[in-house]
Amino acid sequence: MRELQRMSAGAIQILPHAMPIKNGTATVGILLPIRIVSPEYMRKVLADSDAAAARRTPEENAAIDRLLAERGIE
Numbered sequence: 893m894r895e896l897q898r899m900s901a902g903a904i905q906i907l908p909h910a911m912p913i914k915n916g917t918a919t920v921g922i923l924l925p926i927r928i929v930s931p932e933y934m935r936k937v938l939a940d941s942d943a944a945a946a947r948r949t950p951e952e953n954a955a956i957d958r959l960l961a962e963r964g965i966e
């Protein structure tokens, strides 16, 4: 946690992947560098997500809805 306070924005942005934030041995958060992606890549990701959602069965959608409801997410 103390090391996190000393990190610059530049140091965070060059992290290779998400990093756990620990307090002793307990993981208390995650540090995720935000990277800018091209609009073309973002369009592809969203199109892939939409296509995957369109292939889900009604039963799969109901299961997802139940899991979200159990976690208080609507």
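In this text, residue positions in the sequence shown follow this note's numbering: the first is 893, and each later residue adds one.
The beta-carbon is built from N, C-alpha and C at its ideal position, and this holds for glycine as well.
Just so it is clear, the structure is predicted and the values come from calculations on it, not from any experiment.
Open item on the list: As an exercise, report each continuous alpha helix (DSSP H) stretch of at least 4 residues that is fully enclosed by the segment 899 to 957, in chain order.
Closed with: 901 to 905, 931 to 947
Open item on the list: Taking the alpha-carbon of I926 as reference, which of G916, E932, L907 has the nearest alpha-carbon?
Closed with: Sequence index remark: in the sequence shown, residue 926 carries index 34 (1-based). Checked all of G916, E932, L907; the closest Cα to I926 is L907.
- [ ] Report the rounded CA-to-CA distance for G916 versus Q905, giving the unit in angstroms.
- [x] Walking along the sequence shown from the start, residue 916 turns up at place 24. Walking along the sequence shown from the start, residue 905 turns up at place 13. Approximately 24 angstroms between the Cα atoms of the pair.
TODO: Return the CA-CA distance between G921 and G902, expressed in angstroms with no decimal places.
DONE: As a working mapping, residue 921 is identified with position 29 in the sequence shown. As a working mapping, residue 902 is identified with position 10 in the sequence shown. Cα-Cα distance, rounded: 20 angstroms.
Open item on the list: Quick check on this structure: which residue in R947, L896, A944, E962 has the alpha carbon closest to the alpha carbon of L924?
Closed with: Residue numbering aside, residue 924 sits at position 32 when the sequence shown is read from its first letter. With distances taken between Cα atoms, L924 lies closest to L896.
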